[in-house]
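4 protein chains.
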Amino acid sequence: MGLPNYVKDLEEWTKEFSYFYPITVRFSETDAFGHLNNTTSFVYFEHARIQYFKEIGLMQQWMSQKGSTIPVTADLHCDYMNQVFFDEALTIGIKVADIGRSSVEIQYVVLNEKEEVCMTGRGRIVQIDKKTGKSKAWDDRAAKALVSGNFV
Amino acid sequence: MGLPNYVKDLEEWTKEFSYFYPITVRFSETDAFGHLNNTTSFVYFEHARIQYFKEIGLMQQWMSQKGSTIPVTADLHCDYMNQVFFDEALTIGIKVADIGRSSVEIQYVVLNEKEEVCMTGRGRIVQIDKKTGKSKAWDDRAAKALVSGNFV
Amino acid sequence: MGLPNYVKDLEEWTKEFSYFYPITVRFSETDAFGHLNNTTSFVYFEHARIQYFKEIGLMQQWMSQKGSTIPVTADLHCDYMNQVFFDEALTIGIKVADIGRSSVEIQYVVLNEKEEVCMTGRGRIVQIDKKTGKSKAWDDRAAKALVSGNFV
Amino acid sequence: MGLPNYVKDLEEWTKEFSYFYPITVRFSETDAFGHLNNTTSFVYFEHARIQYFKEIGLMQQWMSQKGSTIPVTADLHCDYMNQVFFDEALTIGIKVADIGRSSVEIQYVVLNEKEEVCMTGRGRIVQIDKKTGKSKAWDDRAAKALVSGNFV
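Here it is, written out as structure tokens:
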């Protein structure tokens, strides 16, 4: 079926990930076809993405009651390459692929224990103002954290 | 296996329900054993219970930003009597079994299309103060709504 | 932010839907930001898509123990346009946008009560052989059902 | 509100757990009241219980295509003691409290990072025959594994 348009060379693309989060497939996440239900990949994407945002200090701002912004999902895409089954120990990779004025493009890879690519994904997150609902530009610290992976 | 202790006579008990909410089993709610995953019954309980709380006007208070209280779950119990499968058209019955100072005992019945009892359940909901986290007595209107099923 | 590439003119595109399925947002589907969690749209897409596949007779084949094929998700995409909140009565539209040898491109639209577009989506479903895991071409009846919306 | 009837002394009862599984609260598991949604505790119970069944070798039998039995949930109970929030690092304790002919009583405790008890729970799992749907007695190895925590 060919590669999704955000992946030129799967091997190269996969090497560019440096943040990884482990997830074991829960039984309640399987379905009556015996495999991982397709909707669960987005739960994994969100959980790993948020762990990353925590790592670089952004999530703390968004969760703070004093904070004036929250992140919203602009779009999300998942490409399914290999079926996943109950109890597999997966690794979810997170990569910042592009940083806009108030948005960030995140890419995802889901690897199984054999290091096979089971899913790839991407999606844009936008920072909005809690009250107005309008997009709100990254401040310097946030932009730097997204570039460097360090919140200083 | 005998009846749960909150059900004396299953037929009589089932007749006492007067509020019902329909739910069709989603494929994503099944699991690799081919049936409805056990965790989903609590999702159905909550959804039907909240529809009932909306019907009698309580949910609107709790969801209001001006409101000072929210409901929390004190306990929940589900007894599984018949397996449920993908695409079954279920009916969730809701009954107010007891009203306390700041709490309410809700009972649940899940019927399939043949009107067989698939699950029964019960649980206590407590109204708490958003800020203090402590239980907060029902006001007159709420108590009356829970007794009569009408919020006047 | 511009339209997703599978939507040229939003108004025109929305008019092309003819199958709709109603879904009320469950409280358990919201998250701590107060709105519908982004992962739930894919649960809605699947539920509505499967209702459609049932309508045209395909789901029955796939669920049959005698059947030799099941559908798998090749990819899924969701674009989020308006936030959705607890208890909204949504309508999920399903459209067959393209039929391949063994796959079908499904498009999705999620409308709120004001008929505003909250989300759009698309994704490719592939029919595979249960045993080999390889793609399996539609037979005549299935292909006709996907074209006409009637399984004859 | 007093202790649930399956807990005589909370401190003593908590000490009797010896199998623990760590779970970090996902953002998608919170709800619009800002805390962990009540339905998720049963997802945690199942995941930890199944990890335990895997540890003692039972899950492998049930998942095997050659196996003739599967476990079903007879009942489940959760008592909520302390609210849980996004990103808390919880520990789920699993204890075999009683072994019947074809069933087993499992108890659950959910601790937060301060080792406070957030939830307690219990429930009966019954082994049934896949084909007949009737309860099926434990064989010697399974009964021993449930008693000793070792599948030999």
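Protein chains in written order, with the working numbering: chain A, 1 to 152; chain B, 1 to 152; chain C, 1 to 152; chain D, 1 to 152.
Here a beta-carbon is modelled for each residue, glycine too, at the ideal position from N, C-alpha and C.
Chain-ordered neighbours of C:V72 on chain G, where CB pairs are closer than 8 Å
The structure shown contains no chain G; its protein chains are A, B, C and D.
Does the segment 43 to 54 of chain A come close enough to the segment 87 to 104 of chain A to have 3 or more Cβ pairs within less than 8 Å?
yes
What is the DSSP secondary structure of C:M119, counted as helix, strand or coil?
C:M119 falls in the strand class under three-state DSSP.
Take every Cβ of the segment 93 to 113 of chain A, pair it with every Cβ of the segment 14 to 32 of chain A, and state whether three or more of those distances are shorter than 8 Å.
yes
Along the alpha helix (DSSP H) that carries A:D140, what are the first and last residues, could you check?
D140 to S148
Ignore the nearest five residues each way along the sequence and tell me which others in A:Q127's own chain have a CB closer than 6 Å to its CB.
T69, P71, S102 and K136
What are the start and end residues of each continuous beta strand (DSSP E) run of 3 or more residues lying completely inside the segment 71 to 109 of chain B, in chain order?
89 to 99
CA-to-CA distance, B:N37 to C:N112, given in whole angstroms:
29 Å
C-beta atoms of C:V117 and C:M81 nearer than 9 Å
yes
Which residues mark the beginning and the end of the alpha helix (DSSP H) in which B:K40 is found?
The identity of residue 40 of chain B in the sequence shown is Thr, whereas the question assumes Lys. B:T40 -> alpha helix (DSSP H) spans T40 to E55.
Cβ of C:V96 within 9 Å of any chain B Cβ
no
Determine the chain D residues that contact C:W132 at a beta-carbon separation under 7 Å, and present them in chain order.
It should be pointed out that residue 132 of chain C corresponds to Thr in this sequence rather than to Trp. Going along chain D, no residue has its Cβ under 7 Å from C:T132, so there is no contact; the nearest lies around 16 Å.
Counting only Cβ pairs nearer than 9 Å, list the residues of chain A close to D:S68.
What D:S68 touches in chain A: nothing, since even the nearest Cβ is about 17 Å away.
Minimum Cβ-Cβ distance from B:C118 to chain D less than 9 Å:
no
For the segment 27 to 43 of chain C and the segment 138 to 151 of chain C, state whether three or more C-beta atom pairs, one from each stretch, are separated by less than 8 Å.
no
State the Cα-Cα distance for the pair C:D139 and A:I23, rounded to the nearest angstrom.
Rounded to whole angstroms, C:D139 to A:I23 spans 38 Å at the Cα level.
Whole-angstrom distance between A:C78 and A:G149, CA atom to CA atom:
As the crow flies, the alpha-carbon of A:G149 is around 24 Å from that of A:C78.
If the cut is a Cβ gap below 8 Å, which residues of chain D does B:T14 touch?
The contacting residues do not exist; B:T14 stays about 17 Å from chain D at best.
So is B:V83 in contact with chain D if we call contact Cβ pairs under 9 Å?
Looking at the sequence provided, one finds Gln at residue 83 of chain B rather than Val. Yes, B:Q83 counts as interfacial toward chain D.
Can D:V43 and D:T120 be called in contact, C-beta distance under 9 Å?
no
Taking 9 Å as the cut-off, decide whether the C-beta atoms of B:T14 and B:V84 are in contact.
No, they are not a contact pair.
Please state the DSSP three-state secondary structure of A:Q65.
coil
Cβ-Cβ separation, A:I125 to A:T73 (assumed contact under 8 Å), whole Å:
By a beta-carbon distance limit of 8 Å, A:T73 contacts A:I125. Their separation comes to about 6 Å.
Output, in sequence order along the chain, the residues in the segment 21 to 49 of chain C whose CB is closer than 7 Å to any CB in chain A.
F33, N38, T39, F42, V43 and E46
Verify the CB distance criterion: does D:M59 have a CB-CB separation below 9 Å to chain B?
no
Using the rule of at least 16 other Cβ atoms within 10 Å of the residue's Cβ for burial, across every protein chain shown, is D:V147 buried or exposed?
exposed
Measure from the alpha carbon of C:I106 to the alpha carbon of each residue in C:F86, C:Q61 and C:D75, then state which is nearest.
If we check each option's Cα against that of C:I106, C:D75 comes out closest.
Taking CB distances under 9 Å as the criterion, tell me whether C:D79 reaches chain A.
yes
In this structure, does DSSP put D:T132 in helix, strand or coil?
coil
CA-CA distance, C:T132 and A:A32?
C:T132 and A:A32: Cα-Cα distance of roughly 18 Å.
Identify which residue in B:Q65, B:E88, B:Q61 and B:K54 has its Cα closest to the Cα of C:E88.
B:K54
Hey, is D:D129's beta-carbon within less than 9 Å of any beta-carbon in chain B?
no
Considering only C-alpha positions, which residue in the set A:R122, A:I99, A:D98 and A:Q65 is nearest to A:D129?
A:Q65
Straight-line gap, A:K114 to C:M59 (C-alpha atoms, nearest Å):
33 Å
Under 7 Å Cβ to Cβ from A:H35, same chain only, skipping five residues before and after it: list those, please.
Q83, V84 and F85
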